[in-house]
Amino acid sequence: MKGLQALLLVLATTAVGAGELGARRTGVSPSVAALLGQMTLEEKVGQMTQISLEVVCKGYPSVQEPLEIDMASLRRALLDYHVGSILNVGTSAHTVPRWQQIITAIQDVATKETRLRIPVIYGIDAVHGAGYTLGATLFPQHLGMAATWEPDLVRTEGEVTAYEIRACGIPWNFSPVLDIGRQPLWPRLWETFGEDPYLASVMARAYVHGLQGQTSPGILGVAACAKHYLGYSFPLTGKDRTPAWIPERMLREYFLPPFQAAVDAGVKTVMVNSSEINGIPVHSSSYYLKDLLRDELGFQGVIVSDWADIRNLHERERIASSLKEAVRVAVMAGIDMSMVPLDFTFYDHLLALVREGAVPEARIDEAVGRILQLKAELGLFVNPYPQPEGAEHFACEQHRAAALQAAQESITLLKNSANLLPLRPNIKILVTGPTAAKRSSLNGGWTITWQGDREELYPNDTPTILEAIRAVVGPERVKYVPGVEVAREIDIKAAITAARKADVVIACLGEDPYCETPGNITDLTLPEPQLRLVSALAETKVPVVVVLVEGRPRTITAIANKAAAILMAYLPGAHGGQAVADILFGRVNPSGKLPITYPKACNDLTLYDHKYSENANSFNRYDPLFPFGFGLSYTTFAYSDLVLDKSTLRRGDSLAVSVTVQNTGSRSGKEVVQLYLSDLCASVTPSVRRLKRFSKVELMPGERKTVRFVLNEKDLSFIGRDNRPTIEPGEFMVRVGDLEQSFVLQ
Ligand code: BGC
């Protein structure tokens with residue numbers, strides 16, 4: 013035992029130096045290697061096993077609320093099965109003190125009763141703030157964060173989230189989703205940073221840096237988890253966990269870059285696509301997991317499966333004839349940790365497979381080394397317990413202000429006829445629609461519960477849209493008639509009667525919360541009762557402002573002309589009600605820009621970076637309701653002086669681009685300067701344009717600023733005929749605002 017204590021001390025004191033944290037690492041530290049050398053096969057296989065919290069709670073297999081740890085089950089998991097990781101279940105949220113008790117109970121058994129005292133790593137989906145913690149700071153969901161076009165806000169979100177889940181004692185966050193949102197039906201679109209790989213890559217880097225920033229010298233904030241590697245977001249049918257068919261070139265051109273950005277940013281863990289690409293479940297593919305992710309991208313951290321997805325190789329995907337075979341296939345393909353999550357079958361099968369020689373122990377050592385290394389980098393060997401003093405700033409004013417600012421900067425003004433907005437505060441208003449009075453609609457999935465739909469569990473310390481409007485203009489000026497639920501009429505006539513007495517109608521439309529597969533839809537069109545409500549309201553001639561609270565662009569073309577103004581709020585989080593009111597009444601000048609294309613027709617899903625053939629004539633057009641990158645302001649901006657420092661580039665040169673943007677209106681505002689590049693001729697059909705740089709600038713009325721960007725050779729490359737990055741000489745066009753300048757690459 014003495015020797016063991018000395019070893020743990022070594023682990024504690026040599027826990028990875030600060031400078032190494034963000035960098036790519038090869039192998040494991042000597043202290044981790046020494047620990048690994050002491051472990052039995054059973055202990056190692058246990059480290060690769062992740063179970064769900066409910067398995068060690070009273071009442072399991074049914075879930076009892078409030079969750080209470082069952083010490084006998086916990087001991088069975090940790091002492092008999094040597095389980096190394098536990099993940100959260102989505103049935104309820106806890107207070108910080110309750111979380112601290114749960115984590116303490118788990119770590120007590122892990123570090124006081126197991127032979128080698130290896131702490132458990134607990135993982136959670138805190139995807140827009142600490143969503144499973146009562147009273148946590150809740151940011152917009154990531155589609156909204158992308159709409160801010162402000163990586164600093166995303167970095168702050170990462171920092172705040174890391175702080176607030178660390179306060180609970182949780183060191184691992186299953187975030188960010190780096191799937192590219194190019195299939196708007198997909199029910200997880202709102203978890204993505206949108207349709208563009210460059211925008212998503214910039215946000216990925218910012219989030220990973222924020223989340224993994226150091227809490228104290230040498231200790232990571234929390235581990236990020238880049239998911240769901242790879243190709244998960246592009247199911248052919250749009251339905252969650254169904255097949256994607258993605259040619260290698262497209263995979264590398266659009267879907268791989270954000271994962272590369274996260275790996276380059278030092279992301280510690282990666283979660284695997286639950287589904288398949290071209291008939292190959294990703295959990296079974298050593299090509300995707302080893303050749304591409306490890307050898308090419310250079311990822312050194314832990315690869316965790318998604319929920320039950322090793323079992324799914326047998327039961328759902330049917331590429332393994334037994335569960336045991338599924339375990340063999342997945343572990344040999346490169347999965348280091350199995351989110352089993354509801355039993356110990358993975359442990360039993362893997363143990364048997366190693367004993368039979370079907371899985372080499374070296375493969376187990378490789379996986380367990382990575383897991384222990386992660387625990388060391390997170391400081392768990394130093395102290396696996398929640399730190400009471402680490403909760404002082406939980407949901408503090410500063411954190412909440414950051415979430416409010418993110419919501420304000422995300423909201424995107426899509427239409428504003430006759431400058432109806434901003435509204436004056438002394439008018440009579442009808443507020444209507446299914447998302448006006450619900451906090452759950454603002455937050456969406458992964459909030460309090462998995463589906464985020466338990467309205468009664470939401471704290472009322474932040475306003476709904478209705479409450480925020482009432483607070484601005486006074487309750488006596490605001491009438492609320494819901495009119496419809498999301499997909500069912502309540503009483504449209506009552507809404508019409510109320511509209512006739514109002515100066516303006518604010519119709520809050522959109523979706524109820526959903527998460528993952530339960531959010532599947534068969535029609536992108538906004539449900540018909542909501543369209544009917546707005547059409548009927550428009551007949552009154554009272555101007556209608558449509559506020560969209562939704563996780564994907566439900567098509568609204570039938571009412572777009574009838575609405576005087578349209579605000580896209582995405583899923584703006586807990587402060588979204590306030591942020592919507594701030595924009596409606598001009599306390600904040602809108603500055604969000606769409607990170608997705610907003611389609612006009614539900615079958616016309618052409619994206620902004622389409623090919624020339626897709627916008628070639630009146631039959632094939634990029635003709636969305638609102639294009640990617642679009643968003644209005646209460647002021648106006650003018651672009652001038654687009655200057656390239658060279659008109660001819662040689663290989664290896666960089667290109668400096670400058671452009672001047674001026675606020676030509678009468679109030680201050682923020683503008684997202686977007687630089688697009690077009691390759692005018694290439695051996696693989698080029699896109700009409702690709703986003704290459706952006707910068708959000710704030711300008712006072714009349715003020716002008718010159719924004720500078722530098723493009724490098726990589727920005728001119730594309731995935732060529734051989735599926736490798738390719739650079740070809742020829743003419744390129746740089747576009748910023750309404751300006752363009754060409755250059756030639758020799
Ligand atoms: C989701 C993941 C999530 C995991 C754990 C899965 O169903 O696909 O995104 O991290 O559950 O909650």
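Numbered according to the working numbering, the sequence shown spans residues 13 to 758.
Note that CB positions come from ideal geometry on N, CA and C, so glycine has one too.
DSSP places V275 within a helical segment (H, G or I) once states are collapsed to three. When secondary structure is reduced to three states using DSSP, D653 falls in the strand class. Pairwise C-beta distances place the segment 148-159 out of contact with the segment 630-639, as fewer than three of them are shorter than 8 Å. A heavy atom of the ligand BGC is found nearer than 7 Å to the CB of W319.
Contact fails between the segment 177-193 and the segment 435-443, because fewer than three Cβ pairs, one in each stretch, are under 8 Å apart.
The nearest non-hydrogen atom of the ligand BGC is 7 Å or more from the C-beta of E66. Exposed is the label assigned to S429, since fewer than 16 other Cβ atoms lie within 10 Å of its Cβ. DSSP places V490 within a strand segment (E or B) once states are collapsed to three.
Across the structure, A449 and V493 are spaced so that their CA atoms are roughly 10 Å apart.
Contact annotation: L644 and P713 have beta-carbon atoms that are not nearer than 8 Å.
By a beta-carbon distance limit of 8 Å, T145 contacts W111. Their separation comes to about 6 Å.
Shortest Cα-Cα distance from Q399 to any of Q113, D276, E54 involves Q113. Of the other Cβ atoms in all chains shown, 16 or more fall within 10 Å of the Cβ of C527; this residue is therefore buried. A straight-line Cα-Cα distance of about 33 Å links F311 and F744. Taking the Cβ of H240 as the reference point, at least one heavy atom of the ligand BGC falls within a distance shorter than 7 Å. Distances from the CA of K70 to each of M60, S85, Q62, K56 were compared; the closest alpha carbon is that of S85.
Excluding residues up to 5 positions away in sequence, L363, V366, R367, E373, I376 lie with their Cβ nearer than 8 Å to the Cβ of L53 in the same chain. In this structure, DSSP gives E421 a helical state, which the three-state scheme calls helix. Taking a cut-off of 8 Å on C-beta distances, the segment 464-481 does not touch the segment 533-540, as fewer than three cross pairs fall below it. Remark: the C-beta of S350 is outside contact range of the ligand BGC, defined as less than 7 Å to any heavy atom. Taking the CA atoms as reference points, I192 sits about 10 Å from L242.
Short note on D137: C-beta closer than 7 Å to some heavy atom of the ligand BGC. Listed in chain order, the non-local C-beta contacts of R733 below 7 Å within the same chain comprise S695, V696, local neighbours out to five positions each way being set aside.
In the structure shown, the three-state DSSP call for V95 is coil. Here D621 is not near S707, since their CB atoms are 8 Å or more apart. Cβ neighbours of L91 within its own chain (closer than 8 Å, five residues either side excluded): V121, E125, T126. The DSSP assignment places complete beta strand (DSSP E) segments of no fewer than 3 residues inside the segment 115-176 at 133-136, in order along the chain. The beta carbons of T123 and V95 sit no closer together than 8 Å. Here V352 is buried, its C-beta having at least 16 other C-beta atoms within 10 Å. In the DSSP annotation of this structure, the continuous segment of the beta strand (DSSP E) that includes V443 starts and ends at 441-444. Distances from the CA of L354 to each of V101, L432, A419 were compared; the closest alpha carbon is that of V101.
The shortest CA-to-CA distance from R662 to any of R716, N629, L560, I739 is the one to I739. Residue state for Q674 is assigned as strand, using DSSP reduced to three classes. Contact check for K513 against Y210 fails: the beta carbons are separated by 8 Å or more. Note: S699 is bridge-paired with K623 in the DSSP secondary-structure output.
The three-state reading of DSSP puts Q226 in strand, counting E and B together.
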